[in-house]
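In this note's numbering, the protein residues as written are 871 to 989.
Glycine included, each C-beta is placed from N, C-alpha and C at the ideal position.
First comes the structure, then the notes that go with it.
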Amino acid sequence: MLRMKHVLLEVYFDDERVKLEEVLTHTSNLEELMYKEVKFTYADNELAYAGQKGIVYNIEDMAGFCGDMEIEPEEENYEAKMEKLIEAWQEIAVRKIDEAVNEYMAVKDSILAEFDKEN
Numbered sequence: 871m872l873r874m875k876h877v878l879l880e881v882y883f884d885d886e887r888v889k890l891e892e893v894l895t896h897t898s899n900l901e902e903l904m905y906k907e908v909k910f911t912y913a914d915n916e917l918a919y920a921g922q923k924g925i926v927y928n929i930e931d932m933a934g935f936c937g938d939m940e941i942e943p944e945e946e947n948y949e950a951k952m953e954k955l956i957e958a959w960q961e962i963a964v965r966k967i968d969e970a971v972n973e974y975m976a977v978k979d980s981i982l983a984e985f986d987k988e989n
């Protein structure tokens with residue numbers, strides 16, 4: 871049985887030399903990607919809408935646990951507090967994904983019914 875995992879990576883590349891869509895089109899696995907002229911890191915605790923080729927084209931299409939969401943490392947009990955904050959972010963993020971799917975399914979049914987009515 872083929873197992874599948876979705877992994878969100880942040881990819882860094884030189885715009886002038888690398889065409890990301892081409893790299894992803896001609897790369898069949900992560901190991902192969904490592905030998906291309908791109909660098910990447912894991913995108914921990916991020917949400918994103920990925921369009922064609924799985925690419926997030928606009929900064930507005932993603933939200934990562936960073937910036938104002940984080941606390942200062944000097945904060946007392948930093949690790950424990952961050953663990954709780956990330957846990958809360960995860961719960962909220964998963965709930966919002968479920969809400970988006972449910973909303974889309976209702977819209978989908980409406981659009982299909984309208985389309986069928988017109989034809």
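How far does the beta strand (DSSP E) with residue i in it reach, from first residue to last?
i: A933; result: M932 to G934
In the DSSP assignment, what residue or residues form a beta bridge with residue i?
i: F883; result: V908
Name the two residues that bound the continuous alpha helix (DSSP H) containing residue i.
i: E920; result: Reading off the sequence, residue 920 comes out as Ala, not Glu. No alpha helix (DSSP H) contains A920, which DSSP labels as neither H nor E.
i: L894; result: L890 to T895
Let me know the secondary structure DSSP gives residue i once reduced to three states.
i: R965; result: helix
i: V926; result: coil
i: A913; result: coil
Would residue i and residue j be called neighbours here (beta carbons separated by less than 8 Å)?
i: L878; j: K923; result: no
i: D931; j: A918; result: yes
Exercise. Taking three-plus beta-carbon pairs below 8 Å as touching, is the segment 940 to 950 in contact with the segment 896 to 911?
Worked result: Because the criterion of three Cβ pairs below 8 Å is not met, the segment 940 to 950 and the segment 896 to 911 do not touch.
For this session: Evaluate the contact criterion for the segment 883 to 891 versus the segment 933 to 940: three or more CB pairs, one atom per stretch, below 8 Å.
Result: Too few Cβ pairs lie closer than 8 Å, so no.
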